[in-house]
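One structure below.
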Amino acid sequence: MLDNKGFDLWADGYDLTVGISDEENTYPFAGYKEILGSIFRTIMEKPSATVLDIGFGTGTLTAKLYENGCPVYGQDFSKRMIELASEKMPDAHLYQGDFSQGLVEALQSRSYDFIVATYSLHHLTDDQKVRFLQSLLERLNEDGKILIGDVAFRTRTDLEQCQREVGEEWDDEEIYFVIDEMRQSFPNLIYQPVSYCAGILTLSR
Ligand SMILES: C[S@@+](CC[C@H](N)C(=O)[O-])C[C@H]1O[C@@H](n2cnc3c(N)ncnc32)[C@H](O)[C@@H]1O
């Protein structure tokens, strides 16, 4: 599993790697642009929505929201990712912190219309995901939503089939969402598949 230093090293080449994987429709980023675009459009339906981005990376999604007038908050543990995102969003409230330990204090003291997490939560175990998402639900405004775009599969059988097809490229250190298992903790979870290995999860209170 990459730590914050690993992400510091990946930061400058990140957008290129992701773009190539998406364009070639290969695991793990097949569907990336469509996922971010769909989340962007959902958020834009609410004028000036307040957005919290968990693991914002280079700010690909939140910078677009920022440019369109959304107040942006975020947490990421990579110093270099924060530098790159801050260049695009100088007035955003971006904090350094490990989300496996929860939200940093400054982000706990307010609530949000949307909490987004794209390709970041697969760094948590499933138990950690559930605990963290439960705590994030408490930070939503009325009618707020958590929108997660990530590698995901409806069932473990689907995950294992993709793992076999991908072979050596499969990343054993990442822990992907299995929707019917997550539904045991979040019965109202909505899943919209976007590619053969990824989709959008929506949670609300
Ligand atoms: C694959 S990138 C995704 C970036 C961006 N959300 C996107 O969609 O392109 C994962 C991001 O999550 C951050 N990250 C991973 N594990 C983290 C953790 N435990 N705490 C905080 N940030 C973390 C990394 O630094 C990186 O910026």
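Counting along the sequence shown from 1, when you hit position 82 you're at 83 in this note's numbering, and nothing is skipped either side.
Ideal Cβ placement from N, Cα and C applies to all residues, glycine included.
Could you tell me how far apart the beta carbons of residue i and residue j are, in whole angstroms, since I believe they sit closer than 8 Å?
i: Ile116; j: Arg140; result: 7 Å
i: Ala31; j: Cys163; result: In fact, because the Cβ distance is near 10 Å, the residues do not count as touching under 8 Å.
i: Val19; j: Asp114; result: Wrong, their Cβ atoms sit about 26 Å apart, outside the cutoff.
i: Asn189; j: Ser79; result: In fact, because the Cβ distance is near 32 Å, the residues do not count as touching under 8 Å.
i: Ala118; j: Gly56; result: 6 Å
Does the separation of the CB atoms of residue i and residue j fall below 8 Å?
i: Ser101; j: Gln129; result: yes
i: Thr43; j: Asp54; result: no
Using CA coordinates, which residue listed in the options is at the minimum distance from residue i?
i: Asn26; options: Leu204, Arg206, Ser196; result: Ser196
i: Gly60; options: Ile201, Arg155, Tyr120; result: Tyr120
i: Ser87; options: Met2, Ala31, Gly58, Glu143; result: Gly58
i: Gly168; options: Trp11, Gly14, Pro29; result: Pro29
i: Leu134; options: Lys47, Thr203, Met2, Asp23; result: Thr203
i: Leu93; options: Ala12, Tyr67, Tyr15, Ser136; result: According to the sequence as given, residue 93 is Ala; it is not Leu. Out of Ala12, Tyr67, Tyr15, Ser136, Tyr67 has the C-alpha closest to the C-alpha of Ala93.
i: Val73; options: Trp171, Phe8, Phe41, Ile191; result: Phe41
i: Arg157; options: Lys34, Ser205, Arg184, Leu10; result: Arg184
Taking only three categories from DSSP, how would you classify residue i?
i: Ile176; result: coil
i: Gln164; result: helix
i: Lys6; result: helix
i: Glu139; result: coil
i: Gly190; result: The identity of residue 190 in the sequence shown is Leu, whereas the question assumes Gly. Leu190: coil per DSSP, three-state reduction.
i: Thr119; result: strand
i: Asp54; result: strand
i: Tyr33; result: helix
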